[in-house]
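The block underneath contains the structure these notes are about, expressed in structure tokens.
In the numbering used here, the protein residues as written are 333 to 692.
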């Protein structure tokens, strides 16, 4: 199976299945002498870990990471970093009823069409379980970027919409995302989401979401002008996250409704440097970072595994109704917030190293 790696210089490859013995990743290209311990990675994995509220899957996975290689005496050695996360709460029997059925909204049919075989236990590689490996890789990327760019650099994500209910951006408070189970920067909207998702769960259904990821402290100059644009790579990385169906940078699709004088970010000199008076471009112009915060949003479809019977087809071509039992997220977008942060960090680490290799 090709297509399991991301990046050029900073590059990671994920492996493992939802109900296999373990998942993990191999991170290649990390510079030597970067301080790295399992605790540096674990803190980010704990943010994505399932079972932390009634609004996420109740699968109980500690997501305890082990560093198998690439670190010696507390620092990276420049060799591949292998990371292992054991699966300890598999319930494969939950999926025995659908082993010969293609569920609507899942990758069952497409994996079968491509490979002629599929791991039906929780979706195998197509499960959101795979994203824990991305978060682990993102933790390594953050360590690299923190050392390279200093304390001004940070990546933060927030959930800005669940179903039809979007936040009030006038009430945006980054501190609030730690006070509710949704990573929501708007306390009042978080209360509305709780009631909405309780209703959705009782009905055996699911809801979609929109996540916004912001990177601050990114210098101007990262990215390539044509193929390998920073925004193109960011869009590809976000689009690769399970269940994502749309990505936008800066004002994104809303820019289509603007006039030119409103959409283009004007400039002035401030404290000896170019300052932008707005950020509709999302921190990227011509595929290259302009020094403003990078802003990306992605839309996550409603979780495909629902209790409501839906029409599907069997492996041998019979029409059937499919009802997916087991433990599932009523809104998989909630746990996608730390995943989006990780993908932003990985792309930036790769582009920073590519920039250093070409321009320094």
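All residues carry an ideal CB built from backbone N, CA and C; glycine is no exception. Everything numeric in this text was worked out from a predicted model, so none of it was measured.
Quick check on the burial criterion: 16 or more other C-beta atoms within 10 angstroms. Buried or exposed for residue i?
i           : result
residue 616 : buried
residue 691 : exposed
residue 420 : exposed
residue 411 : exposed
residue 661 : buried
residue 676 : buried
residue 375 : exposed
residue 667 : buried
residue 715 : Because the chain here runs from 333 to 692, residue 715 falls outside it and cannot be looked at.
Using C-beta distances below 6 Å, list every residue in its chain close to residue i, excluding the 5 sequence neighbours before and after it, in chain order.
i           : result
residue 641 : 653, 655
residue 364 : 408, 409, 410
residue 516 : 491, 522
Who are the Cβ neighbours of residue i in its own chain at under 8 Å, not counting the five residues just before and after it?
i           : result
residue 478 : 485
residue 599 : 606, 607, 608, 609
Are the beta-carbon atoms of residue i and residue j separated by less than 8 Å?
i           : j           : result
residue 471 : residue 543 : no
residue 539 : residue 436 : no
residue 481 : residue 367 : no
residue 458 : residue 336 : no
residue 536 : residue 638 : yes
residue 613 : residue 594 : no
residue 430 : residue 685 : no
residue 562 : residue 476 : no
CB-CB under 7 Å to residue i, same chain, minus the five flanking residues each way: which ones, in chain order?
i           : result
residue 456 : 349, 350, 450
residue 664 : 460, 575, 632, 635
residue 547 : 487, 625, 626, 676, 680
Output the boundary residues of the beta strand (DSSP E) element that contains residue i.
i           : result
residue 533 : Residue 533 -> not in any beta strand (DSSP E); alpha helix (DSSP H) instead, spanning 519–534.
residue 651 : 651–654
residue 400 : 397–401
residue 592 : Segment 592–595 is the alpha helix (DSSP H) holding residue 592; no beta strand (DSSP E) there.
residue 345 : 343–348
Mind checking which residues open and close the alpha helix (DSSP H) that includes residue i?
i           : result
residue 673 : 668–691
residue 568 : 562–571
residue 465 : 463–481
residue 375 : 370–380
Following a CB-centred definition, is residue i positioned closer than 7 Å to any heavy atom of the ligand FAD?
i           : result
residue 402 : Absence of the ligand FAD from the depicted structure is noted, as is the absence of any ligand whatsoever, leaving it without description.
(request) Assess, as a yes-or-no matter, whether the stretch 515–530 is touched by the stretch 580–596 under the definition of 3 or more beta carbon pairs within less than 8 Å. (result) Cβ pair count under 8 Å is below three, so no.
(request) Check whether the stretch 403–416 touches the stretch 345–360, counting contact only when three or more Cβ pairs, one atom from each stretch, lie closer than 8 Å. (result) Look at the beta carbons and you see the stretch 403–416 touching the stretch 345–360: at least three pairs across the two are nearer than 8 Å.
(request) Would you be able to state if there are at least three C-beta pairs under 8 Å between the stretch 559–577 and the stretch 628–648? (result) Segments in contact, yes.
(request) Check whether the stretch 494–511 touches the stretch 396–415, taking contact to mean three or more Cβ pairs, one atom from each stretch, closer than 8 Å. (result) The stretch 494–511 makes no contact with the stretch 396–415, as fewer than three CB pairs between them are under 8 Å.
(request) Please confirm if the stretch 458–467 is in contact with the stretch 669–677, defined as three or more CB-CB distances below 8 Å between the two stretches. (result) Pairwise C-beta distances place the stretch 458–467 in contact with the stretch 669–677, as three or more of them are shorter than 8 Å.
(request) Tell me, please, whether the stretch 505–516 touches the stretch 597–604 by the rule of three or more beta-carbon pairs shorter than 8 Å. (result) No, the stretch 505–516 does not touch the stretch 597–604.
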